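Right, one structure below, let's go through it.
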Amino acid sequence: MTEMTVFQMNLREKLPSVELRFDEPMSRHTSFRIGGPAAVMAFPKNARELADLLKVSALLDVKPAILGAGTNVLAPDGGIDNLVICLKDCMGGMERIDDTTIRVAAGVTMTRAAVFASNLGLSGMEFAHGIPGTVGGGVYMNAGAYGGEIKDICVAVDVMDMQGNITRRTNEEMGFSYRHSVLEEAQLIVLAAEFKLIPAPSEEVKAKMQELLRKRSASQPLDLPSAGSAFKRPVGGYAAALIDQADLKGYTVGGAAISTKHAGFAVNVGGATAADVRNLLRQVSDIVFEKSGIRLEPEVRIW
Ligand SMILES: Cc1cc2nc3c(=O)[nH]c(=O)nc-3n(C[C@H](O)[C@H](O)[C@H](O)COP(=O)(O)OP(=O)(O)OC[C@H]3O[C@@H](n4cnc5c(N)ncnc54)[C@H](O)[C@@H]3O)c2cc1C
């Protein structure tokens, strides 16, 4: 019996109420539609179940990986010999906590949170409408678009450490920077975030969200699996412009290609493997470096 089989049996026995799936394909849980099976995928319904999962994992010396909506993750072809804890749709709930502040659980999508804010006549989250990830992933990544970023609106985040202890971090303690937060180094899990917004007529907020959505679908290859922008914005330029100038639109490796619609997107044009995407990103980064002297770094998290 392998160590993982023992772990699977232990989890089933110790946590009978937590939804567990064994050998669950990561391709079902990533927007790239890529990735082999996770040995165990768990779907905790609340913070208590999450804490129980973490405690059992720590006892058995397993360090789980955290997944939101999988819209910024490239999962390995060979699968993950580990526990993956998926929070999308599990850790749910949104509430207004004062005139201008909302609290949103980690598993809620950013689009749903933005719609919730707009229904309350609160402005400031429009940029997040259309970013397909969860609030947990958005806070972890300091997601942003069209001039807005999570760091501009996030006042506090409730986090859980790998032992199941809950603490609260203020905006200043989150160490937000471009597509990064301190959570990456601190290994903390987002449970919920509070966003401070500005009162505005609901119809105006909704009109702005619709306008941004139109811009998105006009410029991005939303009909093909991807993880959004493949590369971070480099100092002194834009990744998409540099890739375009290097004539790499449509550049293909196996089933992965640079989108012909938006040079910043790597897309799965059919049957792409994680190796195809990794090779595509490496080759594109090298060619752009040769031509411009600027090194592109992946934005997508390569697991
Ligand atoms: C079509 C498309 C368009 C996109 N447009 C944008 C855009 O405009 N702007 C932008 O910033 N991004 C964009 N993205 C990328 C992606 O949606 C964001 O990075 C998003 O914030 C990721 O959220 P997620 O829930 O999918 O996280 P995942 O992809 O599941 O995870 C990303 C990272 O966050 C960690 N994580 C997830 N949830 C938690 C949690 N609760 N606690 C701690 N860590 C966690 C994971 O471990 C992983 O390291 C786009 C993606 C696609 C496919």
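Yeah, the sequence shown ends on 548 if you go by the working numbering, and it's all consecutive. Ideal Cβ placement from N, Cα and C applies to all residues, glycine included. A quick note: this is a predicted structure, and the numbers were derived from the prediction, not measured.
Would you decide whether residue i is buried or exposed? Buried here means 16 or more other CB atoms lie within 10 Å of its CB.
| i | result |
| --- | --- |
| residue 439 | buried |
| residue 386 | buried |
| residue 333 | buried |
| residue 272 | buried |
| residue 515 | exposed |
| residue 258 | exposed |
| residue 293 | exposed |
For ligand 1, I want to know if residue i counts as a neighbour, meaning its beta carbon is within less than 7 Å of at least one of the ligand's heavy atoms.
| i | result |
| --- | --- |
| residue 282 | no |
| residue 386 | yes |
| residue 348 | no |
| residue 478 | no |
| residue 408 | no |
| residue 259 | no |
| residue 332 | yes |
| residue 424 | yes |
| residue 382 | yes |
| residue 428 | yes |
| residue 379 | yes |
| residue 455 | no |
| residue 514 | no |
| residue 505 | no |
| residue 416 | no |
| residue 313 | yes |
| residue 369 | no |
| residue 473 | yes |
Can you tell me where the alpha helix (DSSP H) with residue i in it begins and where it stops?
| i | result |
| --- | --- |
| residue 259 | 248–259 |
| residue 526 | 519–537 |
| residue 380 | 380–386 |
| residue 357 | 355–364 |
| residue 192 | For the chain, the structure presents residues 246 to 548; residue 192 sits outside this window and is missing. |
| residue 431 | 428–431 |
Span of the beta strand (DSSP E) holding residue i?
| i | result |
| --- | --- |
| residue 265 | 264–270 |
| residue 343 | 339–343 |
| residue 441 | 434–441 |
Pull up the CB-CB distance for residue i and residue j, whole angstroms please, since I reckon it's below 8 Å.
| i | j | result |
| --- | --- | --- |
| residue 317 | residue 382 | 6 Å |
| residue 607 | residue 442 | No statement about residue 607 is possible, as the shown extent of the chain runs from 246 to 548 and does not include it. |
So, does the CB of residue i fall closer than 8 Å to a CB anywhere in chain B?
| i | result |
| --- | --- |
| residue 547 | Protein chains in the displayed structure number just one, and chain B is not present. |
### Query
Residue ranges of each beta strand (DSSP E) run of no fewer than 3 residues wholly in the stretch 452–512, ordered along the chain?
471–474 and 501–503, all fully within the stretch 452–512.
### Task
Just list the alpha helix (DSSP H) runs in the stretch 288–326, keeping only unbroken ones of 4 residues or longer that don't cross its boundaries, in chain order.
Taking only runs of at least 4 residues, the alpha helix (DSSP H) segments lying wholly in the stretch 288–326 are 292–304.
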